[in-house]
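Single-structure report; data block below.
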Amino acid sequence: MIGIIIGIASVITIMSLGNGVKQDTLKQFHATKTGKQTAIINYYSDGTSSANGFDQSDLSLLKSDNKLKIDSIKIMAKDNSFGMPSSVQAQLNDRNHLVELKPVKKTTKTMIAGQRITTNDNVMENNVANISRGLAKKIFHGSQNALGRNIAINGQSYQIIGVYVDHSENPSNVLVPQRAYYRFQSTTSGNEIKLTFLSGAKVKHLGKHAQRLLNKNGSHAAYGSYEYEDSDALNEVGHMIDTLTYFVSAIAAISLFIAGIGVMNMMYISVSERTQEIGIRLAVGATQRAIMAQFLIEAIILTVIGGVIGFGLGVGIAAIISAFIPYKAVVSLSSVILALGVSTTVGLVFGILPAKQAANKNLIDILR
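First residue of the sequence shown: 1, per the UniProt record's numbering; consecutive thereafter.
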């Protein structure tokens, strides 16, 4: 049973901590620095109107709904300049330069140095930037020299993390994450808003409620649609954490296989030592099926008890570890099913051969 206990405890500990890290990480994606939860709603025009979708009447509409528990609302994007290049003054190497700025959700250009702006950078509102090869050459005398430098635009500082190939006529182009750029912009209309809820709010539920309210009564509902953004970046991060957790769990599960071999070996010894018992049962009329069921049930009970003990031990270890790290262990229903399911399967798979050997013993050979 020790092998089963160690194997199950290892897997449960890893899965509980992994679930805790995932839950906390996904929560942080939708949290302000003070811990309040936020949601993003976008407006998508159907092409029949050039309006941006959000104005002050929409903010009043959302604030008037008590169900939303709103702390604050901010329009994130500017009129027609949303996502479009615009000429701005930028400070590079302590000098002002006129550059073409474009807020983006992610960089799709071919990079020649550094890394692209990713969807994650946009979601997290990271102050990073990609600049064109022409601008890097003009200001920093090379693409590699530009990496790690800062560019100041409208009072915000962005760190240059990549240089891309730009074939446009204007070589002085700069890309920055949309949310980081519009974070401090004062706007009265736009096509994206950021809702900040009071503490304890269920973001996804309230975000969907706000979406339905806007699609019904929004100022430009007749010319497009409002959509709550359930970011792909969250799904990607969650999938990545799940993959890592399952990978490490699979490594720990190797001990379960070794424990299964131990169970099978122990049952073979049990069958060998209990030959007389098997002979007596056969002599008084026990069937081969009954003999096989006896030893198989013994193996399953042995491993299930080990699984239950291992589950409890794993939960306890995870709780102790979580007391020393900033993440709380989360035990899910799948963990319970895994502990019982795996231990039962181990008993069934590794107990069936010894049970079959016991059932196939010949009464005449036993009497000899």
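Virtual Cβ for every residue (Gly too), placed ideally from N, Cα, C.
Checklist entry - Unbroken alpha helix (DSSP H) runs of length 4 or more, entirely within the segment 54 to 110: which are they? => result The segment 54 to 110 contains these whole alpha helix (DSSP H) runs: 56 to 63.
Checklist entry - With a CB to CB cut of under 7 angstroms and the five nearest residues on each side skipped, what residues in its chain are close to I317? => result Excluding the 5 residues flanking it on each side, I317 has same chain C-beta neighbours closer than 7 angstroms at A9, T13, in chain order.
Next on the checklist: For T38, list the residues DSSP reports as bridge partners.
Outcome noted: Paired residues: T196.
Checklist entry - How close, in whole Å, do the beta carbons of V315 and G347 come, if the pair is a contact with beta carbons under 8 angstroms? => result Actually they are not in contact, since the Cβ atoms of V315 and G347 sit about 21 angstroms apart, beyond 8 angstroms.
Next on the checklist: Check whether the segment 267 to 280 and the segment 16 to 26 touch, using three or more Cβ-Cβ pairs below 8 angstroms as the test.
Outcome noted: In this structure the segment 267 to 280 does not touch the segment 16 to 26; the number of beta carbon pairs closer than 8 angstroms is below three.
Checklist entry - In chain order, which continuous runs of the beta strand (DSSP E) of length 3 or greater are located wholly inside the segment 108 to 180? => result Within the segment 108 to 180, complete beta strand (DSSP E) segments of at least 3 residues are found at 111 to 114, 128 to 132, 150 to 153, 156 to 164, 173 to 177, given in chain order.
Item to check | Burial state of P354 (16 or more Cβ within 10 Å) | outcome: By the 10 Å Cβ count, P354 comes out buried.
Next on the checklist: Does the segment 199 to 215 come into contact with the segment 132 to 150, if we say contact requires no fewer than three beta-carbon pairs (one atom in each stretch) closer than 8 angstroms?
Outcome noted: Using a Cβ-Cβ distance cut-off of 8 angstroms, the segment 199 to 215 and the segment 132 to 150 are not in contact, since fewer than three pairs of beta carbons, one from each stretch, lie closer than that value.
Next on the checklist: Tell me the DSSP secondary structure of S255 in three-state form.
Outcome noted: In the structure shown, S255 falls within a helical segment according to DSSP collapsed to helix, strand and coil.
Next on the checklist: Is the beta carbon of G7 closer than 8 angstroms to that of G310?
Outcome noted: Cβ distance < 8 angstroms, so G310 and G7 count as in contact.
Checklist entry - Applying the criterion that 16 or more other CB atoms from any shown protein chain within 10 Å of the CB defines a buried residue, is T363 buried or exposed? => result Correcting the residue identity first, residue 363 is Leu in this sequence and not Thr. L363 comes out exposed.
Next on the checklist: By the three-class DSSP mapping on this structure, what secondary structure does Y327 have?
Outcome noted: In the three-state scheme derived from DSSP, where H, G and I count as helix and E and B as strand, Y327 is classed as coil.
Item to check | Distance between S334 and D242 (C-alpha atoms, nearest Å) | outcome: So the two alpha carbons sit approximately 13 angstroms from each other.
Item to check | N- and C-terminal bounds of the beta strand (DSSP E) containing G224 | outcome: 224 to 228 is the extent of the beta strand (DSSP E) around G224.
Checklist entry - Is it the case that the Cβ atoms of T110 and V176 are separated by a distance below 8 angstroms? => result No, these two residues do not count as a Cβ contact at 8 angstroms.
Checklist entry - So what's S343 in DSSP terms, helix, strand or just coil? => result DSSP places S343 in helix when its eight states are reduced to three.
Item to check | V331 to I325 span [Cα, whole Å] | outcome: The C-alpha of I325 is placed about 16 angstroms away from the C-alpha of V331.
Checklist entry - Going by the CB atoms, is the gap between G162 and G114 shorter than 8 angstroms? => result Yes.
Item to check | Closest residue to H167 among I131, T196, N122, L198 (Cα-Cα distance) | outcome: Taking H167 as reference, the option from I131, T196, N122, L198 with the minimal CA-CA separation is I131.
Next on the checklist: Going by DSSP in three states, S45 sits in which element: helix, strand or coil?
Outcome noted: Here S45 carries a strand assignment [DSSP, helix/strand/coil].
Checklist entry - If you draw a straight line from the C-alpha of A259 to the C-alpha of D365, how long is it? => result In this structure, the alpha-carbon of A259 lies about 32 angstroms from that of D365.
Checklist entry - Using the rule of at least 16 other Cβ atoms within 10 Å of the residue's Cβ for burial, across every protein chain shown, is S16 buried or exposed? => result Buried: at least 16 other Cβ atoms inside 10 Å.
Checklist entry - From M292, R183, S172, pick the residue whose C-alpha is nearest to that of G155; which is it? => result Comparing Cα positions, the closest option is R183.
Item to check | G285 (DSSP reduced to helix, strand or coil) | outcome: Here G285 sits in coil by DSSP.
Checklist entry - Between D232 and the rest of its own chain, which residues show a CB-CB distance below 7 angstroms, the 5 nearest in sequence each way excluded? => result For D232, the predicted structure reports a pLDDT of 48, less than 50, and the residue's modelled location is therefore unreliable. The matter cannot be settled from this model.
Item to check | Option in K328, T287, V336, I337 with minimal Cα separation from A359 | outcome: Checking every option, the nearest Cα to that of A359 belongs to T287.
Next on the checklist: Considering Cα atoms alone, identify which of L302, I139, G351 is closest to D94.
Outcome noted: Residue I139 is the option with its Cα nearest to D94.
Next on the checklist: With distance defined between alpha-carbon atoms, name the residue in G142, A221, I112 nearest to I58.
Outcome noted: Ile is not the amino acid found at residue 58; the sequence shown has Asp there. Comparing C-alpha distances from D58 to each of G142, A221, I112 shows the shortest one belongs to A221.
Checklist entry - What residue range is occupied by the uninterrupted alpha helix (DSSP H) comprising G207? => result Unbroken alpha helix (DSSP H) run through G207: 203 to 217.
Checklist entry - Does the beta carbon of S332 sit closer than 8 angstroms to a beta carbon anywhere in chain D? => result Any reference to chain D falls outside this structure, which holds one protein chain only.
Checklist entry - Whose C-beta lies closer than 7 angstroms to the C-beta of S81 among residues of the same chain, with five residues either side of it excluded? => result In this prediction, S81 scores a pLDDT of 45, lower than 50, which makes its location untrustworthy; the coordinate-derived value is nonetheless stated afterwards. For S81, there are no CB contacts under 7 angstroms within the same chain when 5 residues up- and downstream are skipped.
Next on the checklist: Does S270 come out as helix, strand or coil in the three-state DSSP assignment?
Outcome noted: S270: helix per DSSP, three-state reduction.
Item to check | For S270 and A339, the rounded distance between their alpha carbons | outcome: In a straight line, the C-alpha of A339 is about 25 angstroms away from that of S270.
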